[in-house]
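First the structure, in the form of structure tokens, and then the observations on it.
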Amino acid sequence: MTKVACITCICALLSGCGGRFSEIKDAASGINSVANSAASAVSRDVHAIRALDINYKDTSFTVNDLFKTILRDIRWDYDLEKNELHVRGTWQPPLFSDQVWSDDMKEKLTESGFVTVTCQIIDDKIDSQQTSITLTYNDEILLQKNGEEALHHLYDTYLLP
């Protein structure tokens, strides 16, 4: 009799879990679907561009290494028609370390200073003449660099110890 009661209780508990298990399974499926959708939102062109090698001052690194090191919260976009890579991220030191900003300003930039980099890709290389960097805070442009100076600034920032 005790065994029958135990088996009945276990069956009752497990029957309640069936619906819950189904809900968990559906939720996991939804998360996987959203993750796959986000991964495909970044075009294959961006993935190819991110893998491009850069050789600068006897050091090799990829486009992905460069931006993931010097920016936070990165968004990638590649315009195939213009061969332009657009990278946007949140500012972090030591980018633009040559600027004299107060600690308060550095904190504000770390929270909501946005860096936008646009560069043209020609023959699997970043065209230094067609590179621009813009740092904005509260929709105001604080700093802008263009051309070879801009690209070398990015590279030199990456190489900082």
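My numbering applies: residue 27 is where the sequence shown begins, and numbers increase by one.
Ideal Cβ placement from N, Cα and C applies to all residues, glycine included.
Remember, it's a predicted structure, so these values are computed and weren't measured experimentally.
Neighbourhood of residue i by C-beta distance below 7 Å, restricted to the same chain and skipping five residues each side
i           : result
residue 89  : 75, 76, 78 and 80
residue 185 : 83 and 85
residue 87  : 80 and 184
residue 134 : 163
Contacting residues, own chain, Cβ-Cβ under 6 Å from residue i (five flanking each side not counted)
i           : result
residue 142 : 114 and 160
residue 155 : 173
residue 103 : 112
residue 150 : 78
residue 127 : none
Assigned secondary structure, residue i (DSSP; H/G/I helix, E/B strand, else coil)
i           : result
residue 186 : coil
residue 166 : strand
residue 122 : coil
residue 132 : helix
residue 94  : helix
residue 71  : helix
residue 107 : coil
residue 78  : coil
Cβ separation of residue i and residue j, assumed to be a contact under 8 Å, to the nearest whole Å
i           : j           : result
residue 176 : residue 162 : 15 Å between Cβ atoms; not a contact.
residue 92  : residue 180 : 6 Å
residue 169 : residue 122 : 6 Å
Straight-line Cα distance separating residue j from residue i
i           : j           : result
residue 101 : residue 72  : 10 Å
residue 131 : residue 171 : 20 Å
residue 125 : residue 167 : 14 Å
residue 129 : residue 136 : 10 Å
Proximal residues to residue i (C-beta, below 8 Å), its chain only, five neighbours per side dropped
i           : result
residue 153 : 145, 146 and 147
Three-pair Cβ contact test at 8 Å for the stretch 144-160 versus the stretch 104-121
Flag = yes, the stretch 144-160 and the stretch 104-121 touch.
Decide if the stretch 117-125 is in contact with the stretch 88-102; the criterion is three or more beta carbon pairs, one per stretch, under 8 Å apart.
yes
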